């Protein structure tokens, strides 16, 4: 199942359009067309909207669900997506990225200062929407933003270190990626009024899926094309972020040769040599298997919810994630 199929579960094909409309409304500033343009730049650039899709799917984890999602569940998904978009604005400044989703990045078009402020604006709007959903959702989203920051800082602490440990890698992705997926499913479950046990099941699903999602993203950074990614390939290697496939390669037979190339910024022939060393052996396959294991754990967490309309969509999304990069 593609990410967009999360929006067509239970015969409700207009759900994605509701999310898109609500996203644009959330960043529209009636008396400031300039801020509106910058804040809506990546919304207009497109995207899978997977996180709000998970919020809606979590809300649909009810026997006999026929939709449509409540306005509050849609708002919860929009808040989560705004946090994601705000983090992308900030990430592109940190990475000095020129493109995002095959279009010019905000920082490349308007400069770093405006990109940072616009990212802050998106986070503020997300917080405002969360507050309208109640104190529990507001606190959850605030904590999630804190986890995103902690995860990014944990990653930066080990930049350019070929000795980076697997524990350090997982600590970073639990914060910078998995926390937001867990928030997406948890918010959908809470706002939909699910029982406490089901809320916890869906939260654990989001956390495990988020881990798998980041591993797959790290694999694609090394194996996909720039056209497929919508941004430069092997960017993490350039930035000294040695992710799971690289850690597997460093532990393999060509590890010493690879380590000799790393530890400083690289580009050109050295970058291609390092990338080739990672992709030529078993490192990619090993990383994909770990992603598959995380997806299996995610599905196991659902328990009886897997048989509901929303649960079926989440299970299919987990299956699609791994099949998209499985190498054996």
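Residue numbers (the numbering used here): 58 to 385.
All C-beta atoms, glycine included, are put in the ideal place defined by N, C-alpha and C.
It should be emphasised that the depicted structure is a prediction, and the values quoted were computed from it without experimental measurement.
(request) Please name the residue, chosen from 184, 340 and 296, that lies closest to residue 319 on a Cα-to-Cα basis. (result) 296
(message) Considering only DSSP beta bridges, list what residue 380 is partnered with.
(response) In DSSP, residue 380 forms no bridge with anything.
(request) Output yes or no for whether 9 Å exceeds the beta carbon distance between residue 118 and residue 249. (result) yes
(message) Closest to residue 365 by C-alpha separation, out of 173, 226, 108 and 114, would be which residue?
(response) 114
(request) Quick one: grab the DSSP three-state call for residue 161. (result) strand
(request) Rounded to whole angstroms, what's the CA-CA distance from residue 317 to residue 293? Just pull it up for me. (result) 17 Å
(message) Buried or exposed, going by whether 16 or more other CB atoms sit within 10 Å of the CB of residue 189?
(response) exposed
(message) For the structure I just gave you, are there three or more beta carbon pairs, one from the stretch 249-266 and one from the stretch 352-369, closer than 8 Å?
(response) yes
(message) For residue 149, which residues in the same chain have their Cβ closer than 7 Å to its Cβ, ignoring the five residues on either side in sequence?
(response) 157, 162, 163, 164 and 172
(message) According to DSSP, residue 156 sits in a beta bridge with which residue or residues?
(response) 161
(message) Using only the alpha-carbon positions, how far apart do residue 276 and residue 341 sit?
(response) 7 Å
(message) Let me confirm a value: residue 95 is counted as buried when at least 16 other C-beta atoms fall within 10 Å, else exposed. Which label applies?
(response) buried
(request) Look at the Cβ atom of residue 279, then the Cβ atom of residue 290, and state whether they are nearer than 9 Å. (result) yes
(message) Please tell me whether residue 185 and residue 272 are closer than 9 Å, where the distance is taken between their beta carbons.
(response) no
(message) Three Cβ pairs or more, each shorter than 8 Å: is that satisfied between the stretch 101-113 and the stretch 129-137?
(response) yes
(request) Taking residue 20 and residue 367 to be in contact with their CB atoms under 8 Å, please state how far apart those CB atoms are, rounded to whole angstroms. (result) The structure shown does not extend to residue 20, since the chain is modelled only from 58 through 385, so no value can be given for it.
(message) To the nearest angstrom, how far is the alpha carbon of residue 247 from that of residue 211?
(response) 29 Å
(request) Flag this pair as yes or no: are the beta carbons of residue 224 and residue 267 separated by less than 9 Å? (result) no
(request) Using beta-carbon positions only, say whether residue 331 and residue 302 come within less than 9 Å of one another. (result) no
(request) Identify every run of the alpha helix (DSSP H) within the stretch 66-121, keeping only runs that are complete inside it and at least 4 residues long; order them along the chain. (result) 72-84, 90-96, 98-101 and 107-116
(request) Taking only runs that begin and end inside the stretch 257-334, name each unbroken beta strand (DSSP E) of 3 or more residues, in chain order. (result) none
(message) Just verifying my parser: in three-state terms, what is the DSSP assignment at residue 174?
(response) helix
(request) Tell me whether residue 251 sits in a helix, a strand or coil according to DSSP, three-state version. (result) coil
(message) Considering only their Cβ atoms, is the gap separating residue 269 from residue 375 smaller than 9 Å?
(response) yes
(message) Here's a check: name, in chain order, each residue in its chain whose Cβ is nearer than 7 Å to the Cβ of residue 209, leaving out the five neighbours to either side.
(response) 233
(message) Going by DSSP in three states, residue 222 sits in which element: helix, strand or coil?
(response) coil
(request) Express the C-alpha separation of residue 98 and residue 283 in angstroms, rounding to a whole number. (result) 20 Å
(message) So, for residue 108: in the same chain, excluding its five sequence neighbours on each side, which residues have a beta-carbon less than 8 Å away from its beta-carbon?
(response) 134, 137, 138, 141, 237, 238 and 241
(request) Output the distance between the C-alpha atoms of residue 264 and residue 201, rounded to the nearest integer angstrom. (result) 12 Å
(request) Confirm, please, whether the CB-CB distance from residue 176 to residue 146 is below 9 Å. (result) yes
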